[in-house]
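Protein chains in written order, with our numbering: chain A, 20 to 75; chain B, 84 to 233.
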């Protein structure tokens, strides 16, 4: 196993976790209703993107 | 390589969840869980476009992955609607919200890690990103159960 590849994978995993922590932190500053509204927008954006993918 | 990365990611994810702590009330835990699902879906979508454009996903593979994400997203909207309705009706304890979450999880029994791709690269990437959606989805009930009644 190439140690460089392991290090690269670890750094990518760490970056993903840092993004998750940042998101959790952002949620912490919002009211539940604000998080719900944010999720509404995200779901709608996701649906648009998925439909575009299917039509591609 | 793939297994090691998944193990490392699992450990770090566990640490992130422990460090972040559990939400205080089940309503908030439910909505946060729903938002986490939406975020996980959002992160997965660009990879479908990217891998399809690169010729690493067939039409059928793209359709299957996109269809999975669409099902999760539509049911996530329903989950949030039901959670908000329960909150408006005065539900406070974890049990009511956990039942709504369980219905959401049960409605998406598919494990996307069982999807097969011709490309090894695609198999690795989609096991990871669609697997992350499945992991977040499956964890909602547990997070709600661990929350405290308001």
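We treat Cβ as the ideally placed atom computed from N, Cα and C, and that holds for glycine.
Range covered by the alpha helix (DSSP H) that runs through residue i
i	result
residue 214 of chain B	203-229
residue 66 of chain A	51-74
residue 123 of chain B	109-136
residue 166 of chain B	142-171
Neighbour flag for residue i against chain B, beta carbons, 9 Å
i	result
residue 51 of chain A	yes
residue 23 of chain A	no
residue 65 of chain A	yes
Nearest-angstrom beta carbon gap, residue j and residue i [assumed within contact, 8 Å]
i	j	result
residue 222 of chain B	residue 166 of chain B	Not a contact, Cβ separation roughly 16 Å.
residue 220 of chain B	residue 188 of chain B	6 Å
residue 62 of chain A	residue 156 of chain B	5 Å
residue 75 of chain A	residue 135 of chain B	7 Å
CB contact check: residue i to chain A, cutoff 9 Å
i	result
residue 111 of chain B	yes
residue 145 of chain B	yes
residue 124 of chain B	yes
residue 218 of chain B	no
residue 156 of chain B	yes
residue 101 of chain B	Its pLDDT being 46, under 50, residue 101 of chain B is placed unreliably in this model, and the value from its coordinates should be taken loosely. So no, residue 101 of chain B is outside the interface.
residue 163 of chain B	yes
residue 128 of chain B	yes
residue 172 of chain B	no
residue 152 of chain B	yes
residue 160 of chain B	yes
Nearest to residue i (by Cα), restricted to the options the options
i	options	result
residue 226 of chain B	B:195, B:184, B:211 and B:208	B:184
residue 149 of chain B	B:129, B:163 and B:137	B:129
residue 215 of chain B	B:121, B:115, B:144 and B:110	B:121
residue 199 of chain B	B:125, B:146, B:111 and B:123	B:146
residue 133 of chain B	B:162, B:160 and B:205	B:205
Contact under 9 Å by Cβ, residue i with residue j
i	j	result
residue 191 of chain B	residue 158 of chain B	yes
residue 180 of chain B	residue 171 of chain B	no
residue 51 of chain A	residue 111 of chain B	yes
residue 58 of chain A	residue 118 of chain B	yes
residue 108 of chain B	residue 217 of chain B	no
residue 177 of chain B	residue 228 of chain B	yes
residue 266 of chain B	residue 68 of chain A	Residue 266 of chain B falls outside the range modelled here, since chain B spans only 84 to 233, and no answer is possible.
The ligand NAP heavy atom lying under 8 Å from the CB of residue i
i	result
residue 66 of chain A	Only the bare structure without any ligand can be found here, which leaves the ligand NAP out of the picture.
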